[in-house]
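For the record, in the sequence shown the residue sitting at position 45 is 45 according to my numbering, with numbers rising by one throughout.
Written out below as structure tokens is the structure these notes cover.
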Amino acid sequence: MYSGAAAAAAGSPRRDFIFVTLGPEEVVGVGGYNNSKAWRRRSCWRKWKQLSRLQRSVILFLFAFLAVCGVISYTSMGETWKSMTNKSLDDQRTTEQEMPRLKLANPAVLPAPQKADANHGDYPELSLQKPPKPPHVHRGPSNLQIKAPRRDTRLKTRHDTMRAVEELVKADKIEKTEKSIISWRGAVIEPDQSTEPPSSKITELEKPSSVAAEDQKEPVPINERQLAVIEAFRHAWKGYKDFAWGHDELKPLSKSYSEWFGLGLTLIDALDTMWILGLKEEFEEARKWVANDLVFDKNVDVNLFESTIRILGGLLSTYHLSGDSLFLEKAKDIGNRLMPAFKTPSKIPYSDVNIGRGTAHPPRWTSDSTVAEVTSIQLEFRELSRLTGDEKFRKAVDEVMKHVHILSGKNDGLVPMFINTNSGQFTHLGVYTLGARADSYYEYLLKQWIQGGKKENELLEDYVRAIEGVKKHLLQRSEPKKLTFVGELAHGHFSAKMDHLVCFLPGTLALGAHNGLAADHMKLAETLIETCYQMYAQVETGLSPEIVHFNLHAQKGHKDVEIKPADRHNLLRPETVESLFYMYRFTGDKKYQDWGWEILQNFNRYTRVPTGGYTSINNVQNPSNPEPRDKMESFFLGETLKYMFLLFSDDIDLINLDKYIFNTEAHPLPIWVPA
């Protein structure tokens, strides 16, 4: 170390140095700083000990709460991703399983009806769930897997609009409400089916190419008129549930029921209506009855036609909409029990079947069956064959159509009303009508052709020829408004009588024109639907009678429509509303919706029973006393209100008419497409 003297002696400039020595106490003494881990731990602990017991408790609680929240969030997210992954894998595995006739049972085309929760005040909003894109269908054996889609992946939550609707309708505020409800998806079409009858050629169900595009569409709101239909249905269902549960038909005035077959006709007829309207609670309640109480093994005679269109058709339709195999199993059961009707010398089926004993017979008073009844069961039995792979159902009904196709006794395509089950020949020749006993023969000619992929040309030929026969023999114009109507022909004499049943025709004509038939079919449909509307508008209650007669000559003080005392009853029939639905769907003309709205209001005004249900009436000409009949037909829920709801919807995919065909009881069945 240099000293100051040495530096001076060396001649160097003088420099002063200060030496500092630090002791250990100055390094680690109190108030000193040390960044070691041990020192930091001791400092934190001192601060923690300085906190009060309450402060320490609060801090510990907050840490524990955050930890629990983190665990829950992690679990929830993990389950969500896991369920999405598992669903995809499950769907993939399902499509690869072997099936007996077809690749897949037709899955649900509408999302499951949604669960309702109480919600007060203004209309609540419904939660919208886009349906998942269907998995790709791989080719495989031509089999049918009778398996419903997973219910837990289809059911989603939804707010309850129904209680709010009930209050609003009672207060007459529905028309004033401006707020609309967002609906669950109307109809996302899943795989369509094969055109061919069940055979080894059928290998799978192909998904239409439009599915992906439809999946991207914006949801269509449920509007106020649709909400009014939902409220009407719930009111009718309340009466049925309270006074007629499990029985065929409600008698709303006497708060009791009537039986026809003892098979819960109203309940089965209404199943697909509830699904389409989104009434999950009511649907699930009805499903439980079908599962636990619907038994076909009973000693009872049923009408082949009515059982087919209402029960078999209703079960098949509900199976297609919901994907629930319960309904297909029940459909197979009733289908097999109806087959004895075809054991006749001519293969023209008997009208009545004992579904418990397996026997069949004609009506007690005749060996004839009506032409409409034996030719309006084909859509249902053909579809049952396609689903089960059992060709006996389709063979039986196709044989009937082939036989009628070649029969003599027609008049330019028009058929008589009766056919003998022994000889297989038409009887009561010379009488031609599109009303009772013949109406749905013409309807099913067109609809079978559409159902089968437009390949069965005999059906189309018979339909087109029949429409030409209608134009030639049955069309006339009334006075004073010159309404075009369809009358009847009896042994060469024209009658200006028209059943309300004939009002199916405008919708059928429009459906044919939509599927490529002559444009004049649509023009005729437009004139006839005007006539059907006038059958309501020119009546005092605004409700049509069962039968009208048209004035062919102008008379002072007379309307176009005349009503005889025996014909002035109204049974809550659907035919006019059905045609209004088709006309609006194909033209977009809002007047058809307005006409339907008038009819619904008049049903509410003159047929609604305060304690629940609606009743048919005896006198549509007496607004002060329409003379209620104390009976609500099953088709009011199965057809009339369903067509009302669809008429008021602006969603063309809510039962897409390019993918579904309605049977004569308004139960939609899929149109087949080639594999």
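By construction, the Cβ of each residue, glycine as well, lies at the ideal position given by its N, Cα and C atoms.
DSSP, read as helix, strand or coil, puts VAL300 in coil. Taking 8 Å as the upper bound for CB-CB distance, PRO340 and SER369 are not in contact here, some 14 Å apart.
With 16 or more other CB atoms across the displayed protein chains lying within 10 angstroms of its CB, TRP595 is buried. In this structure, the alpha-carbon of PRO670 lies about 6 Å from that of ILE661.
Within the segment 386-445, complete beta strand (DSSP E) segments of at least 3 residues are found at 418-420, given in chain order. For ASP242, same chain residues with a beta-carbon under 7 Å away, outside a window of 5 residues either side, are GLY612 in chain order. In the DSSP assignment, THR359 falls within the beta strand (DSSP E) that extends over 359-361.
Judged by their CB atoms, LEU641 and PHE233 are nearer to each other than the 8 Å cut-off.
Minimum Cα-Cα distance from LYS564 among the listed residues THR527, VAL548, ASP398 and ARG573 corresponds to VAL548.
Contact annotation: ASP630 and THR607 have beta-carbon atoms that are not nearer than 8 Å.
Collapsing the DSSP output to three states places ARG56 in a helix.
Per the Cβ contact rule, the segment 329-344 is not in contact with the segment 270-278 (fewer than 3 Cβ pairs under 8 Å). Of the residues assessed, VAL486 falls on the buried side of the cut-off, its CB having 16 or more other CB atoms within 10 angstroms.
Scanning the segment 237-325 for uninterrupted beta strand (DSSP E) segments of 3 residues or longer gives 249-251, 256-258 and 301-303, listed from N- to C-terminal end.
According to DSSP, residue pairing for HIS493 in a beta bridge involves ALA490.
Taken through DSSP and simplified to helix, strand or coil, GLN621 comes out as coil.
Take HIS247, set aside five residues on each side of it, and the residues of its chain with a beta-carbon closer than 8 Å to its own are TYR257, SER258, GLU259, GLY262, GLY264 and THR266, in chain order.
Around the C-beta of CYS69, fewer than 16 other C-beta atoms lie within 10 Å, and the residue is accordingly described as exposed. In summary, GLU249 is buried, with 16 or more beta-carbon neighbours lying within 10 Å of its beta-carbon over all protein chains present. Listed in chain order, the alpha helix (DSSP H) runs fully inside the segment 563-621 are 575-587 and 590-606, counting runs of at least 4 residues. Secondary structure of TYR660 (DSSP, three-state): strand. As a beta-bridge residue in DSSP terms, PHE485 pairs with GLN476. PRO623 and SER254 have their C-alpha atoms roughly 21 Å apart. Judged by their CB atoms, GLY469 and PHE581 are not nearer to each other than the 8 Å cut-off. Of SER52, LYS471 and GLU231, the smallest CA-CA separation from GLU488 is found for LYS471.
Look at the beta carbons and you see the segment 406-419 not touching the segment 475-483: under three pairs across the two are nearer than 8 Å.
With respect to VAL353, GLN378 sits apart: the two C-beta atoms are not nearer than 8 Å. The straight-line gap separating the alpha-carbon atoms of GLN50 and LEU60 is approximately 15 Å. As a beta-bridge residue in DSSP terms, PRO670 pairs with TYR660.
In the assembly as shown, ALA519 is an exposed residue. Its beta-carbon has fewer than 16 other beta-carbons within 10 Å. Remark: C-beta atoms of GLY356 and VAL290 do not approach each other more closely than 8 Å. The three-state secondary structure of VAL539, taken from DSSP, is coil. Partner residues in the beta bridge of VAL353, as assigned by DSSP, are VAL302 and ALA360. The alpha-carbon separation between SER649 and ALA228 amounts to approximately 12 Å.
Take the alpha-carbon of TYR592 and the one of THR541: they are about 19 Å apart. Residue pairing from DSSP leaves THR344 without any beta-bridge partner.
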